[in-house]
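Some notes on the structure that comes next.
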Amino acid sequence: MSGLVVDAEKCVGCRRCERVCASDGIEVVDRRARVLDGCVSCGMCVDACPVGALAIERDEPGADTSGYHDVWVFSQVGSDGAVLGVALELVGKARELADARGCRLVALLGEHSDADDVNARALVAAGADEVLRTCDDRLAHTDVECFAAWLCALALERKPEVILYGATNFGRELAPRVAVTLQTGLTADCTILEMDRETGLLQQTRPAFGGNLMATIVCPNNRPQMATVRPGIFPAPEPREVGELPVTDVLLDAAVYGRVHVLSREKAGDGVSITDAEALVVVGRGIGSKKALARVERLAELLGQRLGCSCEIGCTRPVVEAGWLDYSHQVGQTGVSVAPRLLVSLGVSGAIQHLAGISGAETIVAVNEDPDAPIFGVAGYKVVGDCLVVVEELISQLER
Ligand code: FAD
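Numbered according to our numbering, the sequence shown spans residues 12 to 411.
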């Protein structure tokens, strides 16, 4: 039984519990507290009791976690019809988790009715053992109600031990709906995922308290264990050879009814997507002014030409707050995570909230006039000096 309990040995009948109770949930008779039907277990009286005679006891759910197996990845398809990069990154990570647990890795794919095998092939090439696919026009648009109904029905029937989602806008909307329906937990924006191979507990680590510490969260009593991960946190796996496609087509329940009708699509802000950039110049407050951006853009253009890819501009939060760049450029805990091959960081201190977004970068070149700036702790190449001078020098070298 859960609820408020009184330790009669300790109670001194002081009536403080009665006075703080807002719901007629407790009374004192013959110098002893007694719980009444009105008690809502709010705990106000527990805090007020000076002798520790009151406590709230809660039943642990004690759900049966046996019979759950396999790691699933919800593989979101973008508006261009291709599976998103974050889904492939998650499949790569899930491969490690499934191997550690000795179970199968299943990718979930919901597409429009005339989809071909391209997305299923990409997921198998990334490491999935099986693709559970539903081709149905009700899944053609990002109608979260349809997707949640589809995913919950599959999970109830097949009992996955883990489900991972990309922390895209849609993934962030879908995963909590599934969590509530399946009565399980969900950890958002994980940056580290590890599997305890004995217990099958997924160690879900994410920044907490404004990024000042890392919290590892487990979900011991409920299944499936669910987490979202932002794009760029894990590297995309190298595609492997694919033979026969292990695709299982499943039907969407006829009773699922789509209520979303997409009338048109519009891009927010200036439409920059730095998440998938192969090269990135990231500017911090140290560049001094918005005016300096013109030279930074020139540097990015030249680097892009030199590397044979597009080179985008990212920034820290103060740069967005100053109005020098739009939010779509912000890198970090409250911006986006990036995983470029090359990241040139200019006048960025390297606060933990910013570093949370650049852990996927392959090579970091940092320029800062402070030799003790934390950004140097993660940089492969460190230049101590004025970033604007270094930008000019790089431009002139590249132009030559
Ligand atoms: P500063 O900390 O002011 O650093 C400027 C740096 O430039 C200094 O190291 C200085 O030595 C150097 N410098 C100055 N002049 C020059 C020069 N001429 N040449 C070379 N170097 C120079 N921040 C993010 O970036 N992204 C986030 O997503 C984010 N989310 C946050 C979430 C929360 C909950 C909180 C509390 C904070 C968040 N922040 C985020 C803010 C973060 O804590 C830092 O304040 C921010 O990253 C600092 O940005 P900065 O490095 O540009 O500026």
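Note that the Cβ used here is the ideal one computed from N, Cα and C, for glycine as well. For clarity, every value in this text was computed on a predicted model and none was experimentally measured.
Query, Result
"Nonlocal neighbours in the same chain, by C-beta distance under 7 angstroms from residue 135, ignoring five residues either side", "142, 253, 256 and 257"
"Top-ranked residue by Cα proximity to residue 326, from 112, 364 and 313", "364"
"Residue range of the unbroken alpha helix (DSSP H) whose run includes residue 181", "180-193"
"Residue span of the alpha helix (DSSP H) that contains residue 11, given as start and end", "The displayed coordinates of the chain run from 12 to 411. Any statement about residue 11 would go beyond what the structure contains."
"Boundaries (first-last residue) of the alpha helix (DSSP H) holding residue 175", "Segment 173-177 is the beta strand (DSSP E) holding residue 175; no alpha helix (DSSP H) there."
"Contact the segment 165-184 vs the segment 85-103: 3+ CB pairs below 8 angstroms", "yes"
"Spatial distance of residue 332 from residue 163 (CA atoms)", "40 angstroms"
"Cβ-heavy atom distance, residue 304 to ligand 1, below 8 angstroms", "no"
"Residues of its chain near residue 311, where Cβ-Cβ distance is below 6 angstroms and the 5 sequence neighbours each way are ignored", "292, 322 and 324"
"Residue 335 - DSSP class collapsed to helix/strand/coil", "coil"
"CA-to-CA distance, residue 187 to residue 95, given in whole angstroms", "20 angstroms"
"Host beta strand (DSSP E) of residue 37 (start-end)", "37-40"
"Stretch pair the segment 119-129 + the segment 80-92: three plus CB contacts closer than 8 angstroms", "yes"
"Chain-ordered list of residues that sit, by beta carbon, closer than 5 angstroms to a heavy atom of ligand 1", "221, 295, 296, 297, 327, 328, 329, 343, 344, 345, 346, 358, 359, 360, 362, 364, 365, 379, 380, 381, 384, 397 and 398"
"Run of the alpha helix (DSSP H) containing residue 28, from where it starts to where it stops", "27-31"
"Identity of the residue in 127, 409, 133 and 41 nearest residue 251 by Cα", "133"
"Cβ distance (whole Å) where residue 289 is taken to contact residue 351 below 8 angstroms", "6 angstroms"
"Of the residues 209, 286, 128 and 118, the one placed nearest residue 342, counting alpha carbons only", "286"
"Residue(s) in a DSSP beta bridge with residue 2", "Nothing can be reported for residue 2: it is not among the residues displayed for the chain, which extend from 12 to 411."
"Assigned exposure category for residue 220 - 16 Cβ within 10 Å defines buried", "exposed"
"Start-to-end residues for the beta strand (DSSP E) that takes in residue 356", "353-357"
"Beta-carbon proximity check, residue 166 vs residue 235, cutoff 9 angstroms", "yes"
"Beta-bridge partners of residue 293, as assigned by DSSP", "325 and 356"
"Own chain residues within Cβ distance below 8 angstroms of residue 300, not counting five before or after", "335"
"Within 9 angstroms, strictly: CB atoms of residue 1 and residue 374", "Because the chain in this structure spans residues 12 to 411, residue 1 falls outside the shown range and cannot be described."
"Beta-carbon proximity check, residue 129 vs residue 159, cutoff 9 angstroms", "no"
"Inter-residue CB distance, residue 344 and residue 368 (contact presumed, cutoff 8 angstroms)", "7 angstroms"
"Same chain, Cβ closer than 8 angstroms to residue 418, five either side skipped, listed in chain order", "This structure cannot settle anything about residue 418, because the visible part of the chain is limited to 12 through 411."
"Three CB pairs or more closer than 8 angstroms across the segment 58-70 and the segment 17-36", "yes"
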